[in-house]
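In my numbering, the protein residues as written are 3 to 85. Shown next, in structure tokens, is the structure this report addresses.
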Amino acid sequence: MKTATSAGKRGGNFYGLGTYLGLAGALLAMIALFSVLSSHFLSYDTFSTLANQIPDLMVLAVGMTFVLIIGGIDLSVGSVLAL
Numbered sequence: 003m004k005t006a007t008s009a010g011k012r013g014g015n016f017y018g019l020g021t022y023l024g025l026a027g028a029l030l031a032m033i034a035l036f037s038v039l040s041s042h043f044l045s046y047d048t049f050s051t052l053a054n055q056i057p058d059l060m061v062l063a064v065g066m067t068f069v070l071i072i073g074g075i076d077l078s079v080g081s082v083l084a085l
């Protein structure tokens, strides 16, 4: 009696690697394009502004993630921000 063997996944760990490399390439291309178009894109002021604005959004994102996990689904960011 013979047992059937199943074919394994093709490509091993490299399955889907092209998708990630494509996204990384697109991100790098956009950064290069915007840095060429604007001399202020990769400046200290830009990174300082991002560092000041990101924590507020992170608090909202973490809070809304807990709401979604618990089951009280409310995806309206504006109503959460108004609180």
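C-beta atoms are modelled at their ideal positions from N, C-alpha and C, and glycine is treated no differently. Source: prediction; values computed, not measured.
- Item | Delimiting residues of the alpha helix (DSSP H) encompassing residue 50 | Your numbering for residue 50 matches position 48 in the sequence shown. Counting along the chain, the alpha helix (DSSP H) containing residue 50 begins and ends at 46-72.
- Which whole-angstrom value describes the C-beta separation of residue 42 and residue 48, a residue pair presumed to lie in contact below a C-beta threshold of 8 Å? One-based indexing of the sequence shown puts residue 42 at position 40. One-based indexing of the sequence shown puts residue 48 at position 46. So it is a contact: roughly 6 Å between Cβ atoms.
- Task: Kindly indicate which three-state DSSP category residue 40 falls into: helix, strand or coil?
- Result: Here residue 40 is taken as the residue at index 38 of the sequence shown, counted from 1. Three-state DSSP puts residue 40 in coil, outside helix and strand.
- Query: Can you tell me the Cα-Cα spacing of residue 67 and residue 75, whole angstroms?
  - Reply: Here residue 67 is taken as the residue at index 65 of the sequence shown, counted from 1. Here residue 75 is taken as the residue at index 73 of the sequence shown, counted from 1. Residue 67 and residue 75: Cα-Cα distance of roughly 9 Å.
- Query: Just the Cα atoms here: how many angstroms apart are residue 32 and residue 60?
  - Reply: Working through the sequence shown from its first residue, we reach residue 32 at position 30. Working through the sequence shown from its first residue, we reach residue 60 at position 58. Roughly 24 Å between the two C-alpha positions.
- Item | Short Cβ contact (7 Å threshold) for residue 37 with residue 30 | For the purposes of this step, residue 37 is taken as residue 35 along the sequence shown, with counting starting at 1. For the purposes of this step, residue 30 is taken as residue 28 along the sequence shown, with counting starting at 1. It is not a contact, given that the beta carbons lie outside the stated cut-off.
- Query: Got a sec? Which residues, its chain only, sit under 6 Å from residue 25 by beta carbon, not counting five neighbours each side?
  - Reply: Numbered from its first residue, the sequence shown carries residue 25 at position 23. Cβ neighbours of residue 25 beyond the five flanking positions: none.
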